[in-house]
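Enquirer: Just passing along the structure, written as structure tokens.
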Amino acid sequence: MDLSRFEGRKIALLGFGIENISVAKFLLKNGIDFQILDKTPAGKLTREGQLLIKEKKLKIKTGTDYLANISDYNFVIRSPGIPYLTPEIQTAKEAGAEITSSTKLFLELTKCQVIGVTGTKGKGTTASLIYEILKNGYSSLGKIYLAGNIGIASFDIIEEVKSEDLVVLELSSFQIQDLDCSPYVTVVVNLTDDHLDYHQTIEEYQATKQAVLKFQNENDFAVLNKDYRECYKLKEFGKAKKYFFSSKEKTDGAYVNRNGDVILTVSGEEKICSQKEVQLIGRHNLENIAAAAIVGKIFNVAIADIHRVVTEFKGLPHCLEFVREINGVKFYNDSFSTNPTPTMAAIDSFSEPITIILGGSKKGADFTKLADKIKSSTVKNVILIGVEGPRIKKSLEKAGVSANFIDGDKDIETIVHQAVEVAKPNSIILFSPACASFDMFKNYKGRGEKFKQAVKDL
């Protein structure tokens, strides 16, 4: 691995969360000096971060003015949680500093083939499916890795990855905002108006997705969802061979037919699975399977191996996760739904009457389409929680939703009891907030775990 680009540079790690902690360990191992800049006080950083700072006596500047001297550095490694367009970052860039990120460095430094999976929602499930398909069916001497936004930092594996290996990277819009290189295979699962609390406009958010395609060459591949207009428009970027997937029409790649069968069309029509064979719930998950199957075909994985993986795959925690059934009422944890799009998909996944729990912290989402979906669905009760609860209620009332509205408590245990009180036998209680979690919980994982525990305690 060529480390010459780090030589003679004055390096700053901008932010000290999971990804830059991983970068710090890499730099320390290779004897490369750096300083940490983070808004969060040192005593409130993660335990792992605090221990590393103490053990290695790392240099760190914290507080609200942590960016004041950023122009003193000529090599800045930005954490994904800090927007690339932050004025101080742009000023440093104009002064000649190189602004990069762990994802960008990983793509530049590794020589193996990378499959990058991004999109508003579904990228975690799709990336995991691709990883399992390749791990179980790809004929190669190399290893298969799964990393990125899914929980394993790319720099955790950077020194063990060899040229013959494959790396599946789940990539958020935060991680790809400043890319100037693209993965060998890029999958864009869908594209809607998520993360407007971070990106300044929907156009800026959409533009971040272009970077994973526009530097691809003729030997690369792109897999795009044809059913989302902004996603389909990405076909104009890059020189890669484009494949598409759809749950509405036949297309060059894969599609879901009216019967719920996933059909691969990369080289003739080949049936991957039927909806009744898979353990994942919802038509949107058939789209995820279609995307993953295309990638499997690109790497010459046998249809039988793809079929076996997608029918045995049980899904990820907090993604339409079945918790338990009590007195004919089934509880589902869909805490990963932090915007309206996956919540609408979750609603579509059930024909039974639904009691849904909605609300959380702000992300700038528009709830109009969600309200229309609820109006035409089997939702009978809506429990509204968090900061966004009142705004969601206004959208529901404006749409003329006839469901029963309930103002939820601030305590998740009480909220679950409120749901149980109104749910009838042979129905669904669906925890799919359509909002971020930070007003009441640390993150979506903590929110989902709290919900599951409250249900198990009933």
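In the numbering used here, the protein residues as written are 16 to 473.
Cβ coordinates follow ideal geometry from the N, Cα and C atoms, glycine included.
#1: Comparing C-alpha positions only, which one of Gly46, Met16, Val38 and Pro198 sits nearest to Gly23?
#2: So, is Ala83 buried or exposed, given that buried needs 16 or more other C-beta atoms within 10 angstroms?
#3: Please name the residue or residues paired with Lys74 in a DSSP beta bridge.
#4: What is the DSSP secondary structure of Lys390, reduced to helix, strand or coil?
#5: Do Phe170 and Ser197 count as a contact pair if the criterion is CB distance below 8 Å?
#6: Measuring only the C-alpha atoms, how far is Val277 from Glu327?
#7: Using a Cβ-based criterion (distance less than 7 Å to any ligand heavy atom), does Asp426 qualify as near the ligand GDP?
#8: In the structure shown, what three-state DSSP assignment does Tyr81 receive?
#9: If you count every other CB in all the chains shown that lies within 10 Å of the CB of Asp242, and 16 or more means buried, which is it?
#10: Would you mind listing the beta strand (DSSP E) stretches within the segment 261 to 341 that are 3+ residues and don't spill past its ends, in chain order?
#11: Taking C-alpha atoms, which residue in Ile421, Ser178, Glu292 and Ser143 lies nearest to Ala162?
#12: Output the boundary residues of the alpha helix (DSSP H) element that contains Phe41.
#13: Would you grab the beta carbon distance between Ser94 and Ala112 for me? Rounded to a whole angstrom, and I think it's under 8 Å.
#14: Inspect the beta-carbon positions of Leu28 and Ala39 and report whether they are closer than 8 Å.
#15: Measuring straight from C-alpha to C-alpha, what distance separates Thr280 and Leu18?
#16: For the 8 Å Cβ check, are there 3 or more pairs between the segment 373 to 386 and the segment 403 to 419?
#17: Which class does Glu179 belong to by DSSP, given the choice of helix, strand or coil?
#18: Return helix, strand or coil for Tyr153, following the three-state DSSP convention.
#19: Measuring straight from C-alpha to C-alpha, what distance separates Ala361 and Gly463?
#20: Going by the beta-carbon positions, is the gap between Ala226 and Glu34 smaller than 8 Å?
#21: Which class does Arg24 belong to by DSSP, given the choice of helix, strand or coil?
#22: Run through the DSSP bridge pairs and tell me what Lys477 is partnered with.
#23: Could you give the residue range of the beta strand (DSSP E) that holds Leu445?
#24: Excluding the 5 residues flanking Glu103 on each side, which residues of the same chain have their C-beta closer than 7 Å to its C-beta?
#25: Give a yes or no on whether the C-beta atoms belonging to Val394 and Ile427 are separated by under 8 Å.
#26: Grouping DSSP H, G and I as helix and E and B as strand, with all else coil, what is Lys471?
#27: To the nearest angstrom, how far is the alpha carbon of Phe189 from that of Glu412?
#28: Specify the secondary structure class of Arg462 as computed by DSSP and reduced to three states.
#29: Suppose you measure from the CA of Leu473 to the CA of Glu245; what does that come to, to the nearest Å?
#30: Which residue marks the beginning of the beta strand (DSSP E) containing Ile421, and which one marks its end?
#31: Could you spell out the range, first to last residue, of the beta strand (DSSP E) harbouring Gly58?
#32: Would you mind working out which of Pro368, Thr141, Ile173 and Gly78 sits nearest Leu42, comparing C-alpha positions?
#33: Whose C-beta lies closer than 8 Å to the C-beta of Gly297 among residues of the same chain, with five residues either side of it excluded?
#34: Taking its Cβ as the centre, do 16 or more other Cβ atoms sit within 10 Å of Asp180, making it buried, or is it exposed?
#35: According to DSSP, is Val435 helix, strand or coil?
Expert: Reading from the atomic positions:
#1: Nearest C-alpha to Gly23: Gly46.
#2: An exposed status is given to Ala83, since fewer than 16 other beta-carbon atoms sit within 10 Å of its beta-carbon.
#3: The partner list for Lys74 (beta bridge, DSSP) reads Gln50.
#4: Three-state DSSP puts Lys390 in a helix.
#5: No.
#6: For Val277 and Glu327, the distance between alpha carbons rounds to 15 Å.
#7: Of the ligands one can find in the structure shown there are none, so the ligand GDP has no counterpart to examine.
#8: DSSP places Tyr81 in coil when its eight states are reduced to three.
#9: For Asp242, the number of other beta carbons within 10 angstroms of its own is at least 16, and it is reported as buried.
#10: Entirely contained in the segment 261 to 341, the beta strand (DSSP E) runs reaching 3 residues are, in chain order, 268 to 271, 276 to 279, 285 to 289 and 336 to 341.
#11: Comparing Cα positions, the closest option is Ser143.
#12: Counting along the chain, Phe41 sits inside the alpha helix (DSSP H) bounded by residues Ile33 to Lys44.
#13: So it is not a contact: roughly 16 Å between Cβ atoms.
#14: Closer than 8 Å, so yes.
#15: So the two alpha carbons sit approximately 43 Å from each other.
#16: Taking one beta carbon from each stretch, the segment 373 to 386 and the segment 403 to 419 have 3 or more pairs nearer than 8 Å; the two touch.
#17: Assignment of Glu179 by DSSP, reduced to helix, strand and coil, places it in the coil class.
#18: Residue state, collapsed to three classes: coil.
#19: Using only the alpha carbons, I get a separation of about 15 Å.
#20: At a Cβ-Cβ threshold of 8 Å, Ala226 and Glu34 do not count as neighbours.
#21: Coil, per DSSP.
#22: For residue 477 there is no data in the structure shown, the boundaries of the chain being 16 and 473.
#23: Leu445 -> beta strand (DSSP E) spans Ser442 to Phe446.
#24: Cβ within range, chain order: Leu82 and Ile85.
#25: In terms of Cβ geometry, Val394 and Ile427 do not form a close pair [threshold 8 Å].
#26: Judged by DSSP in its simplified three-state form, Lys471 adopts helix.
#27: Linking Phe189 to Glu412 through their CA atoms gives a straight-line distance of about 34 Å.
#28: Three-state result, Arg462: helix.
#29: Each residue's Cα considered, the two are about 44 Å apart.
#30: Following the DSSP letters along the chain, one finds Ile421 inside the beta strand (DSSP E) bounded by residues Asn419 to Asp422.
#31: Segment: none, Gly58 is in no beta strand (DSSP E) and carries neither H nor E.
#32: Checking every option, the nearest Cα to that of Leu42 belongs to Ile173.
#33: Here the set comprises Leu335, Ala360, Ala361, Asp363 and Ser364.
#34: It is buried - the Cβ of Asp180 has at least 16 other Cβ atoms within 10 Å.
#35: It is helical.
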